[in-house]
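S.K.: Dumping the structure here so I can ask a few things about it.
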Amino acid sequence: MTGSTARVVLALGSNLGDREATLSEAVRDLAALPGAALMAVSPAYESAAVKPGGVDESAPRYLNAVLTIDYAGDPHGLLDAVNAIEAEHGRVRAERWGDRTLDIDLIVFGDLSVDDDRLTLPHPRAAERDFVLAPWLDVDSAAVIPGRGLVRDLLAATGNTVHRAADAADLALGAGQ
Numbered sequence: 042m043t044g045s046t047a048r049v050v051l052a053l054g055s056n057l058g059d060r061e062a063t064l065s066e067a068v069r070d071l072a073a074l075p076g077a078a079l080m081a082v083s084p085a086y087e088s089a090a091v092k093p094g095g096v097d098e099s100a101p102r103y104l105n106a107v108l109t110i111d112y113a114g115d116p117h118g119l120l121d122a123v124n125a126i127e128a129e130h131g132r133v134r135a136e137r138w139g140d141r142t143l144d145i146d147l148i149v150f151g152d153l154s155v156d157d158d159r160l161t162l163p164h165p166r167a168a169e170r171d172f173v174l175a176p177w178l179d180v181d182s183a184a185v186i187p188g189r190g191l192v193r194d195l196l197a198a199t200g201n202t203v204h205r206a207a208d209a210a211d212l213a214l215g216a217g218q
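Numbering (my numbering), first residue to last: 42 to 218.
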């Protein structure tokens, strides 16, 4: 994407350690990426952990947020940067959908469609995840997942079990917003 930018939606989650501090630091890290301009950060939401077998109420709860950036670069380069940020925050990939200090998912990258061994865009499960859709709707009331529909309609179809985290500070404060 030389010379142009794409609006990118990233979903962040944390259910281990100081979740709020981790998400705030991740927002700062993402805003500082070369080629990235932070556009919006959602309020934090809390959700139950989702494991391969479904919702796990016995696992630590997640704090979730969505942010949007305008990004001048390619999606695989952004994925590499996101994976490095996760690792810097102690992310361990021992178990599929396991508990984690930080998870950052690329949800959409403009209108781009990608499906390879490293990356699928739009994110293949975002349309079913209220912990992605609810905070996304807070930053873009007209949001659309290409090929899937309006985020508000997709959220309504999920049953929306997430709740805004009343005790979470503004995650964007540390990012210079």
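We put the CB at the ideal spot given by N, CA and C, even for glycine.
Does DSSP put Asn-56 in a helix, in a strand, or in coil?
M.R.: Indexing the sequence shown from 1 puts residue 56 at position 15. Asn-56: coil per DSSP, three-state reduction.
S.K.: Beta carbon of Pro-187: closer than 7 angstroms to some heavy atom of the ligand SAH?
M.R.: Only the bare structure without any ligand can be found here, which leaves the ligand SAH out of the picture.
S.K.: Just mark Gly-59 as buried or exposed, buried being the case when its beta carbon has 16 or more other beta carbons within 10 Å.
M.R.: Locating residue 59 in the sequence shown gives position 18, counting from the first residue. One point to set straight first is that residue 59 is Asp, not Gly, in the sequence displayed. By the 10 Å Cβ count, Asp-59 comes out exposed.
S.K.: In angstroms with no decimal places, state the Cα-to-Cα distance between Ala-90 and Leu-71.
M.R.: On the sequence shown, residue 90 is found 49 positions in, with the first residue counted as 1. On the sequence shown, residue 71 is found 30 positions in, with the first residue counted as 1. Roughly 24 angstroms between the two C-alpha positions.
S.K.: Cα separation between Leu-178 and Ser-45?
M.R.: Position 137 of the sequence shown, counted from the start, is the residue given in the question as residue 178. Position 4 of the sequence shown, counted from the start, is the residue given in the question as residue 45. Distance between the alpha carbons of Leu-178 and Ser-45: 25 angstroms.
S.K.: Any contact between the region 139-154 and the region 170-189? By contact I mean 3 or more CB pairs, one from each, below 8 angstroms.
M.R.: The region 139-154 is in contact with the region 170-189.
S.K.: Using the DSSP secondary-structure output, state which residues sit across from Ser-154 in a beta bridge.
M.R.: As a first step, residue 154 is located in the sequence shown; it is residue number 113 there, counting from the start. Beta-bridge pairing links Ser-154 to no other residue.
S.K.: Considering Cα atoms alone, identify which of Gly-200, Asn-201, Leu-162, Thr-199 is closest to Ile-186.
M.R.: Locating residue 186 in the sequence shown gives position 145, counting from the first residue. With distances taken between Cα atoms, Ile-186 lies closest to Leu-162.
S.K.: Let me know if His-204 comes out buried or exposed under the rule of 16 or more other beta-carbons within 10 Å of its beta-carbon.
M.R.: The residue given as residue 204 occupies position 163 in the sequence shown. Exposed, by the Cβ-count rule.
S.K.: Looking at the strands, I want to know which residues DSSP matches up with Ser-88.
M.R.: As a position in the sequence shown, residue 88 is number 47, starting the count at 1. DSSP lists Tyr-103 as partners of Ser-88.
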